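J.:
Number of protein chains: 2
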Amino acid sequence: MNTSIKLLAIGLLASGLSVLAQGPHKAPKSEGTLKAAVGAQPDLFAQQMKLIEERRAAWLAKAEAATPKLQRLPLKPVALVKVEKDAASFQGWKAVAAGKPESVCNKPLKPGDSFILDFGEHFAGQFIFSLRAFEIPVDAPVRLGLMFGEVPAEVAESPDSYSGTLTRSWLQDEVFNFDDVPQTVTLPRRYAFRYVKVTVISCSKHGKFGFSDFAATALTAADEKQLAPFTPRNATEAALDRVACRTLRDCMQTVFEDGPKRDRRLWLGDLRLQAQANYVTYRNYDLVKRSIYILAGTATELGLVGTCSFERPTPSRGGNSILDYTALFAPTVLEYLEASGDRATAEDLWPLVLKQLDFTLEPVNTEGLMITPKSWWCFIDWHRTLDKQAPEQGAVLYGLKATLKLAEKLGKGKEVAFVPAAIAKIEAAARKHLWDENLGLFISGPKREVSWASQAWLVLAGVPTQAQAQRALKGVMARADAEKPMTPYMHHYVVAALLAAGLQEEGWRHMQGYWGEMVRKGADTFWEVYVSGDDFLSPYGSHLMNSYCHAWSCTPTYFLRNGGKP
Amino acid sequence: MNTSIKLLAIGLLASGLSVLAQGPHKAPKSEGTLKAAVGAQPDLFAQQMKLIEERRAAWLAKAEAATPKLQRLPLKPVALVKVEKDAASFQGWKAVAAGKPESVCNKPLKPGDSFILDFGEHFAGQFIFSLRAFEIPVDAPVRLGLMFGEVPAEVAESPDSYSGTLTRSWLQDEVFNFDDVPQTVTLPRRYAFRYVKVTVISCSKHGKFGFSDFAATALTAADEKQLAPFTPRNATEAALDRVACRTLRDCMQTVFEDGPKRDRRLWLGDLRLQAQANYVTYRNYDLVKRSIYILAGTATELGLVGTCSFERPTPSRGGNSILDYTALFAPTVLEYLEASGDRATAEDLWPLVLKQLDFTLEPVNTEGLMITPKSWWCFIDWHRTLDKQAPEQGAVLYGLKATLKLAEKLGKGKEVAFVPAAIAKIEAAARKHLWDENLGLFISGPKREVSWASQAWLVLAGVPTQAQAQRALKGVMARADAEKPMTPYMHHYVVAALLAAGLQEEGWRHMQGYWGEMVRKGADTFWEVYVSGDDFLSPYGSHLMNSYCHAWSCTPTYFLRNGGKP
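Residue numbers (our numbering), protein chains in the order written: chain R, 1027 to 1592; chain Z, 1027 to 1592.
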């Protein structure tokens, strides 16, 4: 599929997501599913539900108690820039140095005056500026237009040209009127930006105003003093680690946000990758605890953990339910326990972890095969046509194994007595129905689709032997017609699968190739969506709407600092 | 001159005002002027200057100490309105009831939705509203456009069509983005309005928002509990008094502002009329004291009192100096003393009052005739072509007499020993050079222009006999070719002159005719500029820029409550 078609198709998908995204609203059933076949009794899940109901309020209180005090990092703009058309640059725009920020200070400005400040790095925070008068008082309000950009395109192209599928108000442009000059203004909203375009819309011709200072305060729950030491082996590793850490840092707010520009929400699947990167970098365990507790405390009345939650004004559940994200709740709690040693929290959440199996196993038939459900959003990747059967089979199995492991650690073996049988059936069904020995690849769905996602998830779930895993991963990466990943999120699981399959070299090469290309294109932070060769790809119909600091893209630091451990 | 030419001419004047408006920057001279002729010694003024310098800082401190605590009046919108074209309505726009404000509450809104709230009366204050969510969380910022209007035209016509001479940022339109829903927002800026047009620019299609409440807080230093009782004799008087009191109320902030929409400044000439109305209505003497002290504390280094001052961020002098306003400083202090009995303040300010004669007498020649100075802004009225000689002769003389009277009250007779001689010379020169016995009118300037302003100011200054005064005033009002007033400010002095000349009936009739027409056209508060038959006249090239609540228009209440006392 060529890029423009993909772009369109992805855009259509995004616009229709709200319909798919409402998630299971009916009570899980057991009859005729794998659960009944392996003796997972409704009573067991009812018992967990009772505990969830008892604990839910306390979970939100614990989330509240773990709210971090944000670091406030003072920043100054490092340059004025002009953004020029340049075919060789990312999205065709190049930021060219145009003097010092001081050069626009302390001079009277007039309507139409405009300049772009460059803070030298991406951050999430508040913009600060001082307005000043000259000889005579400023005798009319000062009306300013501000446009905040993560990448040059956002300060080069007009937001009025936006025609994407997501709400235009995500674009970070503002109009402000200031009655009093002089004054120092700290804008109340938080923006995600490196560049600020300032335009004078209207001001007095008589009592003129100007700026006397610009600054910003970066906000983050990441404490640089806690950053684990890391010695890169070369410049590429150093760059990947630096950009990844910044990506993570800027998404670490009072929860782990998916993207500080948009949509600033806590998503379970994104959280898992952020938490993993955090454990080897900033090590803010409380922020993980808070984020997990918010997702737990905003579980549905049926006991389904939050796929995404809004933190503000008060924690509440988003309208989406993603099957594969739900399956990742157990790994997320397990890894938190392993990293932090916080057994009390893991025990506290155990009933909710166990209850998720009531949901994730429901679309698995008695034989152990995933029957792609229509009632769920099966995400896996931002990909319009990807068949989700095999990847979801892998993700559900992966979650099941993590649940078993967590049960063992918590001494809950009795409650998961049915799980080994379920694992055996799902593995067997995957080998029987999804593995094509001739191809040496996993296939997915009625059209027997071959995708990177299917290979990666079934390898990570431990379905193939190591030889099969290597054959499948190498094979799929060599096939031009295989469905490829669209996002760093899916590329993460590809690298993880390569490392899990013992393909260290391929894993490193893939990471350095994919994320390294973003670095070479000037990324300060890693992007939400990136497909080599298409700078404009967007799930939302406009590159202006993409998030250019997206948490799920931060995992090079996880791989680098884990030394290749999957 | 026809209206459209006047409009243009006035627009041109306004745009050029900054050039004229810088005021005298040179030390006053005495030789060859009336001052020398009547023995007003430079030493006398030098002595006052020393006292001014000693006291200036204390004046600003006293202004600060007298800062009022504003009344906060809770308001609710009374209706939704639609603004429709209607040739019979003011400026061609009619606000038509379109339901209750509640009818736009508690329902999901979408981009493009728009409505106009009517608060039922004009006020200066803050707009308050509550945003709410519905079934699912609001998953994108809410971007709203707001337009505040004093009159229907401002919410009917696009601010983007504005092409006047004053800064566009005075138009009260805003764009706001709100990240959190629900929340109750109190907008930080103060607006002057009766109508608010709300337009949804952008919001999520999925997690919808709506409003749950609208309110406002009117801000004023006028305390309704202090409002002096008044029994109107008929409905016309009741309406004039009510609209006048509201006009005054909305301009009474932490200083007496000229207009709460624009330009929110303290002007000496406007202050005088506000103070006079205040003494018979809200009786806030401290606000007058504070306002006078700010103008005093921001006097120039030469000792010229502030013609207009900015209150915020800290009191500072505006770049304008108006000769006739300077002449009104003495009457303003005198009337404050008479109304409040605050002798200490009058004594404190006396050196500055006396020092103003050093400036106002400077353009008067040795014979006592005003030679219209180029170095001053001679205001009198918003009128492009009006010859200012005779009106300024009257205003300066008026101020001189008030200075003498104040001196008598304060026992400063010795310091004003030269004043009676100056008065005699100015009166004589006026009678000799400006009175035309054949016409029975005062003339002004080399073209012997006949204007209402000349008659009014020379009558108020006590130049003609009562018979002459009556003849002049009746005569000018009967002449189609006489230059007429453009503003309520000049109309005030016409009414005052009619009453001073014993033409009570004509005074009442004129007041009820001129201000009454605004009431009949739907004025909630009286307008900055109004000429019968032209709803669009503006000194600034656009009716959208006029102030529709302008303090200098509030004096019907002064006349009504003074029972005809001039």
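Ideal Cβ positions, reconstructed from N, Cα and C, are used throughout, including at glycine.
In this text the structure is predicted, and so the values were computed from the model without any measurement.
1) Check the Cβ of G1614 of chain R against every Cβ in chain Z and list those closer than 8 Å, keeping chain order.
2) Work out the CA separation of A1523 of chain Z and V1390 of chain Z for me, nearest whole Å.
3) Inspect the beta-carbon positions of F1155 of chain R and K1234 of chain R and report whether they are closer than 8 Å.
4) Less than 8 Å between the CB atoms is what I'm expecting for E1554 of chain R and H1576 of chain R, so what's the real figure, rounded?
5) DSSP three-state call for C1575 of chain Z: helix, strand or coil?
6) What is the rounded straight-line gap between the Cα of Y1584 of chain R and the Cα of A1301 of chain R?
7) Under 8 Å between the Cβ atoms of A1455 of chain Z and L1383 of chain Z?
8) Please list, in chain order, the chain R residues whose beta carbon lies closer than 8 Å to that of E1200 of chain Z.
9) How many whole angstroms separate the CB atoms of Y1580 of chain R and L1299 of chain R, which I take to be in contact at a CB cut-off of 8 Å?
10) Compute the distance between the beta-carbons of A1121 of chain R and D1144 of chain R, then report whether it is under 8 Å.
11) Say whether the segment 1174-1188 of chain R touches the segment 1355-1371 of chain Z, bearing in mind that this needs 3 or more beta-carbon pairs closer than 8 Å, one atom from each stretch.
12) Opposite E1475 of chain Z in the DSSP bridges: which residues?
13) If we ignore side chains and look at the alpha-carbon of each, how far apart do S1230 of chain Z and D1289 of chain Z end up?
14) For R1535 of chain R, report the span of its alpha helix (DSSP H) as first-last.
15) Quick check on T1491 of chain R: buried or exposed, where buried means 16 or more other Cβ atoms within 10 Å of its Cβ?
16) Can you give the Cα-Cα distance for L1363 of chain R and R1309 of chain R, rounded to whole angstroms?
17) From the DSSP secondary-structure annotation, give me the bridge partner or partners of A1159 of chain R.
18) Give me the chain R residues within the contact set of C1229 of chain Z, using Cβ-Cβ distance strictly less than 8 Å, ordered along the chain.
19) Quick one: what's got a C-beta closer than 8 Å to L1106 of chain Z's C-beta in the same chain, skipping five residues either side?
20) Taking the alpha-carbon positions, what's the F978 of chain R to S1195 of chain Z distance?
21) Please list the segments of the alpha helix (DSSP H) lying wholly inside the segment 1322-1363 of chain Z, counting only runs of 4 or more residues, in order along the chain.
22) What did DSSP end up calling Y1221 of chain R once you bin it into helix, strand or coil?
23) Nearest-angstrom Cα distance between L1046 of chain Z and W1403 of chain Z?
24) Give the residues of chain R in contact with I1162 of chain Z, contact being defined as C-beta atoms less than 8 Å apart.
25) Which residue's Cα is closest to the Cα of V1545 of chain R: R:E1263, R:R1338, R:A1526 and R:P1357?
26) Measuring CA to CA, which of R:A1247, R:A1083 and R:K1055 is closest to S1342 of chain R?
27) Within 10 angstroms of its Cβ, does E1283 of chain Z collect 16 or more other Cβ (buried), or is it exposed?
28) Are the C-beta atoms of F1237 of chain R and some chain Z residue less than 8 Å apart?
29) Expressed to the nearest angstrom, what Euclidean distance is found between the alpha-carbon atoms of A1244 of chain Z and N1203 of chain R?
30) Using a Cβ-Cβ distance under 8 Å, would D1165 of chain R count as near chain Z?
31) If we require 4 or more residues per run, which alpha helix (DSSP H) segments fall completely within the segment 1407-1494 of chain R?
32) With a cut-off of 8 Å, do at least 3 Cβ pairs link the segment 1554-1566 of chain R to the segment 1053-1063 of chain Z?
33) Find the nearest neighbour of A1241 of chain R within the set R:H1232, R:V1222 and R:G1471, judged by alpha-carbon distance.
34) Could you check the C-alpha separation between P1178 of chain R and W1119 of chain R for me, to the nearest Å?
35) Quick one: complete alpha helix (DSSP H) runs, 4+ long, within the segment 1504-1533 of chain R?
36) List the residues of chain R whose Cβ lies closer than 8 Å to the Cβ of V1168 of chain Z, in chain order.
T.: Let's see:
1) Outside the modelled stretch of chain R, which goes from 1027 to 1592, sits residue 1614 of chain R, for which no answer is possible.
2) 23 Å
3) no
4) 4 Å
5) coil
6) 10 Å
7) no
8) Neighbours of E1200 of chain Z on chain R, chain order: V1201 and N1203.
9) Here residue 1580 of chain R turns out to be Cys, not Tyr, going by the sequence shown. Confirmed, Cβ separation roughly 7 Å.
10) yes
11) no
12) Z:S1470
13) In this structure, the CA atom of S1230 of chain Z is about 38 Å from the CA atom of D1289 of chain Z.
14) Q1530 to R1546
15) With fewer than 16 Cβ atoms within 10 Å of its Cβ, T1491 of chain R is classed as exposed.
16) 13 Å
17) BP columns for A1159 of chain R point to R:F1235.
18) T1193 and S1195
19) A1123, A1124, G1125, K1126, P1127, S1129, V1130, F1141, I1142, L1143 and D1144
20) Look at the range of chain R in this structure, 1027 to 1592, and you will see that residue 978 of chain R is not part of it.
21) 1349-1353
22) Three-state DSSP puts Y1221 of chain R in a strand.
23) Model confidence at L1046 of chain Z stands at a pLDDT of 40, short of 50, so the residue's coordinates are unreliable; what they give is reported in the following sentence. Rounded to the nearest angstrom, the two C-alpha atoms are 6 Å apart.
24) G1344 and G1345
25) R:E1263
26) R:A1083
27) buried
28) no
29) 20 Å
30) Yes, its Cβ sits closer than 8 Å to a Cβ of chain Z.
31) 1415-1436, 1445-1455 and 1478-1486
32) Pairwise C-beta distances place the segment 1554-1566 of chain R out of contact with the segment 1053-1063 of chain Z, as fewer than three of them are shorter than 8 Å.
33) R:V1222
34) Going by the C-alpha atoms only, they are around 6 Å apart.
35) 1514-1526
36) The contacting residues are S1195.
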